[in-house]
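> My questions all concern the structure below.
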Amino acid sequence: MNISVFGGSQPRPGEPAYEEARRLGYLLGSAGHTLLTGGYIGTMEAVSRGAAEAGAHVIGVTCEEIERFRPGGHNPWVMEERRYVTLRERLGALIDGCQAAIALPGGVGTLTEIALFWNHLVIRAMEPKPLILVGAGWKTTFDVFFQQLGNYMNSHDRDLLSFAADVDTAVNHLSVYGRVQ
């Protein structure tokens, strides 16, 4: 299946966050999945690299707006580039082009990807598909969100998110959905 992976642009080769993202790409690629990433640096590069090292197909979803903000093209492990003009188009392609999504730690861009994907699930703008958030940071963030603003949503909305402590657990969560054999 196609799996979109969201995550931050800050991790560099050799850093624990980069190596964990690389491992995620390798695990998913070894299972025969195609990976979609934002296509650039950091987590996107690491996941792309791990998947490519496993022999998987890697799609980088890029856009002109990001490259005006931060010059540079896709990372060298992208095998197919899907290029858009706007960030909105890029986000839509990452969401619509997958059967599951995994979010690694990241910043405002990753939070945007999570929120948009989740909102599409809530309003049933797309078929149900897994959205797995990796790491204590996302768990803590959403625990506070649910605690402080939980009366603005029902329990079904909360159940659309799945939390995993690490990338191995995230890959195992996919099997709960019956999507990975």
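Heads up, our numbering is the position in the sequence shown plus 49, with the first residue counted as 1. Built from N, CA and C at the ideal position, the CB exists for glycine as well. In this text the structure is predicted, and so the values were computed from the model without any measurement.
1) DSSP three-state label for G109, please.
2) Where does S211 sit, in a helix, a strand or coil, going by DSSP?
3) By the 10 Å Cβ neighbour count, where 16 or more other Cβ atoms means buried, how is F166 classified, buried or exposed?
4) For L210, collect the residues of the same chain with a Cβ closer than 7 Å to its Cβ; drop the 5 residues on either side in sequence, then sort them by chain order.
5) Which whole-angstrom value is the C-beta distance of S53 and G146, which I expect to be below 8 Å?
6) Within 10 angstroms of its Cβ, does A174 collect 16 or more other Cβ (buried), or is it exposed?
7) For H222, collect the residues of the same chain with a Cβ closer than 8 Å to its Cβ; drop the 5 residues on either side in sequence, then sort them by chain order.
8) Quick check on E176: does DSSP put it in helix, strand or coil?
9) With Y75 as the anchor, note down where its alpha helix (DSSP H) starts and where it stops.
10) So, is P62 buried or exposed, given that buried needs 16 or more other C-beta atoms within 10 angstroms?
11) Alpha carbon to alpha carbon, what distance is there between L153 and G184?
In brief:
1) Residue state for G109 is assigned as strand, using DSSP reduced to three classes.
2) Per DSSP, reduced to three states, the secondary structure at S211 is strand.
3) Flag for F166 reads buried.
4) Listed in chain order, the non-local C-beta contacts of L210 below 7 Å within the same chain comprise W167, L180, L182, F191, local neighbours out to five positions each way being set aside.
5) The distance from the Cβ of S53 to that of G146 is about 7 Å, consistent with a contact at the 8 Å cut-off.
6) Around the beta carbon of A174, fewer than 16 other beta carbons sit within 10 angstroms, so the residue counts as exposed.
7) P179, I181, S211, A213, listed in sequence order.
8) Coil at E176, not helix or strand.
9) It spans 65-79 - the alpha helix (DSSP H) in which Y75 sits, taken as one unbroken run.
10) When all chains shown are included, P62 counts as exposed.
11) G184 and L153: Cα-Cα distance of roughly 7 Å.
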